[in-house]
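Asker: Here it is, the structure, as structure tokens.
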Amino acid sequence: MNNDLFSLNGKIAWVTGASYGIGYAIATALHKAGAVIVFNDIGQEQLDKGLASYKADGIKAHGYVCDVTDEKAVNETAAKIEKEVGAVDILVNNAGIIKRIPMTDMSAQEFRQVIDVDLNAPFIVAKAVIPSMIKKGGGKIINICSMMSELGRETVSAYAAAKGGLKMLTKNIASEFGQYNIQCNGLGPGYIETPQTAPLREKQADGSRHPFDKFIIAKTPAARWGKPADLAGPAVFLASGASDFVNGHILYVDGGILAYIGKQP
């Protein structure tokens with residue numbers, strides 16, 4: 004196979020909220036494929052931590068403080084990136100939040116906040132870079148979706164609503180801008196080993212697995228949690244020329260959870 008299909012040499016990739024976790028893993032993978040990495044975070048402290056991590060890993064990343072829910076700030080940041088680094092070829096809408104609150108206990112304000120970060124922000128950031136992508140003759144937009152783009156679960160009504168909406172926004176961007184050689188696809192991680200999920204994987208006092216850990220292992224045909232590195236190949240594929248005729252697709256990287264009904268008790 005021609006590895007040039009997956010080369011990102013000379014491409015500029017903006018990964019939102021990529022100071023750590025899944026966003027950081029994706030940015031690192033894109034860098035290894037040749038891309039120049041741009042990322043943002045909501046505050047200077049978070050940004051500095053991210054810059055230090057990239058530097059420690061030998062990656063020259065360009066960092067910007069930007070609240071992705073603020074349309075004015077996003078437009079200003081996009082203009083700065085284009086002036087200081089170059090027009091964005093690859094956008095990864097990774098920034099997101101989750102509030103695990105039973106629906107009847109959740110305020111409308113809390114619901115709106117999740118929708119704002121997880122759905123409105125990808126719309127705002129995509130809208131800021133699409134005109135430059137059209138001028139350049141194409142581009143790649145990768146929206147970080149979720150298994151909650153397909154499934155519901157207790158306490159995540161806002162998150163599931165946002166990620167379901169993001170799936171359809173992905174399809175609509177593909178529909179509207181495919182004619183300009185812009186491919187917009189979603190990447191849907193399963194349960195991934197990150198610092199945020201570490202408490203759910205801690206051994207109990209008696210040495211047994213955490214109940215949620217046991218639940219996930221039982222629901223996953225791969226019988227394990229995913230690792231951030233499991234997202235590297237799929238992200239590079241969706242960012243590269245290898246996916247030039249793939250548009251409006253959601254690629255779930257979940258170890259088979261969505262394909263599996265579960266073991267009989």
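Numbering-wise (the numbering used here), the sequence shown opens with residue 4 and increments by one.
We put the CB at the ideal spot given by N, CA and C, even for glycine.
Within the continuous beta strand (DSSP E) that includes Asn96, where are the two ends?
Answerer: Taken as a continuous stretch (DSSP letters only), the beta strand (DSSP E) holding Asn96 covers 93 to 96.
Asker: Using DSSP's beta-bridge definition, name the partner residues of Gln112.
Answerer: Looking at the DSSP assignment, Gln112 forms no beta bridge with any residue, so it has no partner.
Asker: State the Cα-Cα distance for the pair Lys266 and Phe218, rounded to the nearest angstrom.
Answerer: 11 Å
Asker: Beta-carbon within less than 6 Å of Glu113's beta-carbon, same chain only, minus the 5 sequence neighbours each way: which residues are those?
Answerer: Closer than 6 Å at the Cβ level, and outside the excluded window around Glu113, lie Lys102.
Asker: At which residues does the beta strand (DSSP E) containing Val41 begin and terminate?
Answerer: 39 to 44
Asker: By Cβ distance below 7 Å, which residues in the same chain neighbour Asn97 in space, the five residues on each side in sequence not counted?
Answerer: Val18, Thr19, Gly20, Ala21, Ile25, Gly26, Ile29, Ile147
Asker: Determine the burial state of Met106: buried for a count of at least 16 other Cβ atoms within 10 Å of its Cβ, exposed for fewer.
Answerer: exposed
Asker: How should Ser178 be labelled, buried or exposed, when 16 other C-beta atoms within 10 angstroms of its C-beta is the threshold for buried?
Answerer: exposed
Asker: Could you check the C-alpha separation between Ala90 and Ala32 for me, to the nearest Å?
Answerer: 20 Å
Asker: Of the residues Asp233, Met109, Cys69, which one's Cα is nearest the Cα of Glu48?
Answerer: Cys69
Asker: List the endpoints of the continuous alpha helix (DSSP H) containing Leu172.
Answerer: 160 to 180
Asker: Applying the criterion that 16 or more other CB atoms from any shown protein chain within 10 Å of the CB defines a buried residue, is Gln182 buried or exposed?
Answerer: Looking at its Cβ environment, which holds fewer than 16 other Cβ atoms inside 10 Å, Gln182 is exposed.
Asker: Going along the chain, which residues of its own chain have a beta-carbon closer than 8 Å to the beta-carbon of Ala155, five neighbours each way excluded?
Answerer: Reading off the sequence shown, one finds Gly at residue 155, where the question assumed Ala. Once the five neighbours on either side are set aside, the close Cβ partners of Gly155 are Ala163.
Asker: At which residues does the alpha helix (DSSP H) containing Gly26 begin and terminate?
Answerer: 24 to 35
Asker: Please confirm whether Ile145 and Leu11 have their CB atoms less than 9 Å apart.
Answerer: The answer is no: Cβ separation not under 9 Å.
Asker: Under the assumption that Thr173 contacts Asn184 (Cβ atoms under 8 Å), give the Cβ distance between them as a whole number of angstroms.
Answerer: The pair is not a contact, with the Cβ atoms about 17 Å apart (cut-off 8 Å).
Asker: Are the beta-carbon atoms belonging to Phe180 and Ile133 less than 9 Å from one another?
Answerer: yes
Asker: For Asn123, name the three-state secondary structure that DSSP assigns.
Answerer: Helix at Asn123.
Asker: Taking the alpha carbon of Leu8 as the reference point, which residue from Tyr263, Ala245, Ala262, Tyr255 has its own alpha carbon closest?
Answerer: Checked all of Tyr263, Ala245, Ala262, Tyr255; the closest Cα to Leu8 is Ala245.
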